[in-house]
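To start, the structure under review is shown below, and the notes come after it.
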Amino acid sequence: VDLVAEVLEGDRRALAKLISLIEDDHPEARAALAALYPHTGQAQIIGITGPPGSGKSTLVNALAKHLRGQSIPVGIVAVDPTSPLTGGALLGDRVRMRDLAGDSGVFIRSMASRGSLGGLARATSDVVKVLDAAGFALVLVETVGAGQSEVEVAQAAHTTVVVEAPGMGDEVQALKAGLMEIADIFVVNKADRPGADAALRALHMVVGRDGASGEACAWRPPILQTVAARGVGVSEVWEAIVAHREHLRAGGHWVEQERERAMAELCDILRRDLLRQLLTRLGEDTFQRWVERIAAREVDVYTAARLIQEES
Ligand SMILES: Nc1nc2c(ncn2[C@@H]2O[C@H](COP(=O)(O)OP(=O)(O)O)[C@@H](O)[C@H]2O)c(=O)[nH]1
Ligand SMILES: [Mg+2]
Numbered sequence: 040v041d042l043v044a045e046v047l048e049g050d051r052r053a054l055a056k057l058i059s060l061i062e063d064d065h066p067e068a069r070a071a072l073a074a075l076y077p078h079t080g081q082a083q084i085i086g087i088t089g090p091p092g093s094g095k096s097t098l099v100n101a102l103a104k105h106l107r108g109q110s111i112p113v114g115i116v117a118v119d120p121t122s123p124l125t126g127g128a129l130l131g132d133r134v135r136m137r138d139l140a141g142d143s144g145v146f147i148r149s150m151a152s153r154g155s156l157g158g159l160a161r162a163t164s165d166v167v168k169v170l171d172a173a174g175f176a177l178v179l180v181e182t183v184g185a186g187q188s189e190v191e192v193a194q195a196a197h198t199t200v201v202v203e204a205p206g207m208g209d210e211v212q213a214l215k216a217g218l219m220e221i222a223d224i225f226v227v228n229k230a231d232r233p234g235a236d237a238a239l240r241a242l243h244m245v246v247g248r249d250g251a252s253g254e255a256c257a258w259r260p261p262i263l264q265t266v267a268a269r270g271v272g273v274s275e276v277w278e279a280i281v282a283h284r285e286h287l288r289a290g291g292h293w294v295e296q297e298r299e300r301a302m303a304e305l306c307d308i309l310r311r312d313l314l315r316q317l318l319t320r321l322g323e324d325t326f327q328r329w330v331e332r333i334a335a336r337e338v339d340v341y342t343a344a345r346l347i348q349e350e351s
């Protein structure tokens, strides 16, 4: 059976199987990704990020339903770097997304961290490529607001949506977490809750100030309100996503982003592969001895790195 051919046809079993191979960093995954790569580049990748509980999963769900109303195929990747596979958040997402189940135009995958955060970002980016090749025109990637992970999502996405909710001191949090820089679209969800206006005002102040100093043709992130739980404001979010895509295409930013992404991914994989090769040559024991010596202040880390490279 040709796994790649089945994936290209959107076969769900094949998709699930290949994603598992990717998560296990199986050699077969790399071969399949190589064969799929010429078929990628069609999808718009949307990162959805923000603090836990702000309503990201609910918004993703509502957006997916909205898009299915327009017959647009949607892939959803829920990344949770904090909770284990049995975690409540992922379980909740599964229950919430049940109403999308049975629709062959929707594919939902939850990914929990098994190894390092870097490994998770790598695997996620590969899974997005698989969904892209399989014909999902829109791929939504949800990540919990945990600092580094947002930046990595933004790097892998064409459009980053930052979801806030009132009453969490989010204005301040957003600034702290560096979310302001990566947001292409702001959403204040739970607009039915008190404090939504204050959250909106705070965001307007910050975005307005940034916009004033920017270039004339620069994208100014729109600030939208939603009640995702009731589907209110979701079509406006979709319109903003489409507008951002058009902005990227018109300004040549789309191609520029692709290049930046290629560079980041290539460096990431080379770093990983070269380190692995070096460690194989050096041997785990020798490597551990170097670590001990550095920790014991017998040698500094730069000298150790130089000597290791000279010796191996
Ligand atoms: N009042 C209100 N509650 C919402 C809204 N959207 C989501 N919620 C609730 O907020 C909680 C967290 O939502 P969830 O989507 O899991 O947040 P996430 O952690 O950001 O993915 C859930 O209990 C949702 O039902 C909304 O627009 N209004
Ligand atoms: Mg969630």
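Numbering (the working numbering), first residue to last: 40 to 351. For glycine and all other residues, C-beta sits at the position ideal for the given N, C-alpha and C.
Remark: three or more beta-carbon pairs, one from each stretch, lie closer than 8 angstroms, so the stretch 72-85 and the stretch 154-174 are flagged as touching.
E203 sits in a strand when the DSSP states are folded into three classes. For D119, the enclosing beta strand (DSSP E) stretches over residues 113-119. With fewer than 16 neighbouring CB atoms inside 10 Å of its own CB, V294 falls in the exposed class. Cβ-Cβ separation between V116 and V202: approximately 16 angstroms, too far for a contact (criterion under 8 angstroms).
Under DSSP, the beta-bridge partners assigned to L177 are Q83, V113. By the neighbour-count criterion, in which a residue is buried when 16 or more other Cβ atoms sit within 10 angstroms of its Cβ, I280 is buried. Contact annotation: the stretch 266-280 does not touch the stretch 236-243, with fewer than three C-beta pairs closer than 8 angstroms. In this model, E323 and I333 are separated by some 15 angstroms (Cα to Cα).
Looking at the backbone, the Cα of H243 and that of M219 are separated by about 11 angstroms.
Between I85 and V178 a beta carbon distance of about 7 angstroms is seen, short of the 8 angstroms cut, so the two are scored as contacting. About 19 angstroms separates the Cβ atoms of G94 and A193, ruling out a contact at the 8 angstroms cut-off.
With fewer than 16 other Cβ atoms from the protein chains shown falling within 10 Å of its own Cβ, M302 counts as exposed. No heavy atom of ligand 1 is found nearer than 8 angstroms to the CB of V192.
D223 is positioned such that its CB atom lies closer than 9 angstroms to that of W258. Boundaries of the beta strand (DSSP E) around A151: 145-151.
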